[in-house]
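In my numbering, the protein residues as written are 233 to 435. Glycine residues also receive a C-beta, built at the ideal position from the N, C-alpha and C atoms. Only a predicted model underlies this, so the values are computations on that prediction, with no experimental measurement involved.
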């Protein structure tokens, strides 16, 4: 928590909104240089990053702070990479891998949160292997759809986001790694809570 005047504010809240300001700055910068496709994409990303805060405010659903921060971080890194052309800069060869890892990890986090919420509220009783598999498959499915979208985006708008089969396979590998890491952490967290709070056998 950070003390701001009379108020205590979660540090993640400050970081998340700082990143949203970065997205807004990227939007204006891309619009200024007349790269309208990226500008529109950045504006869409900024809108998406505001969804968790909107859900919390309008529906009084307290989403974990990590979801808001993770979504905003992933979107900001992607569009900063586009703005500075880091995806095609050999010096920054790892940027594409990092954004795929983080982006898919965020999707996996949201998939895990949904399954965890269903299990925790007793709407469904899900085994740990099912939670792991559903998290991984959901994240990988979104990652595969992203690759398909990039392919057709290149053909329609003449961009160069897909740089061959090797690039696509590497992207999917890092998608898989991000999904696996989140699913393992999620399963371990679920196991811990079951043992601590409910005494439910971790299956």
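Contact annotation, residue 368 with residue 411: C-beta distance approximately 4 Å; criterion of less than 8 Å satisfied. Burial state of residue 252 is buried, judged by a 10 Å Cβ sphere holding 16 or more other Cβ atoms. Residue state for residue 407 is assigned as helix, using DSSP reduced to three classes.
When DSSP states are grouped into helix, strand and coil, residue 391 belongs to the coil group. Bounds of the alpha helix (DSSP H) holding residue 268 are 268 to 281. Out of 297, 390, 273, 328, the CA that lies nearest to the CA of residue 242 is found in 297.
For residue 345, the closest alpha carbon among the candidates 371, 329, 409, 324 is that of 371. Residue 245 and residue 318 have their C-alpha atoms some 27 Å from each other.
In this structure, DSSP gives residue 396 a state outside helix and strand, which the three-state scheme calls coil. Under the 10 Å beta carbon count, residue 396 is surrounded by fewer than 16 other beta carbons and is classified as exposed. A check of alpha carbon separations from residue 406 across 276, 275, 261, 328 identifies 328 as the nearest. The stretch 282 to 292 and the stretch 330 to 344 do not touch, with fewer than 3 CB-CB distances between them shorter than 8 Å.
Residues of the same chain with a CB within less than 7 Å of the CB of residue 300, apart from the 5 flanking positions on each side, are 248, 284, 285 in chain order. Going by beta carbons, residue 341 and residue 418 fall inside the 9 Å limit.
Residue environment for residue 332: buried (at least 16 other C-beta atoms within 10 angstroms of its C-beta). Annotation: residue 311 to residue 255 spans about 7 Å, alpha carbon to alpha carbon.
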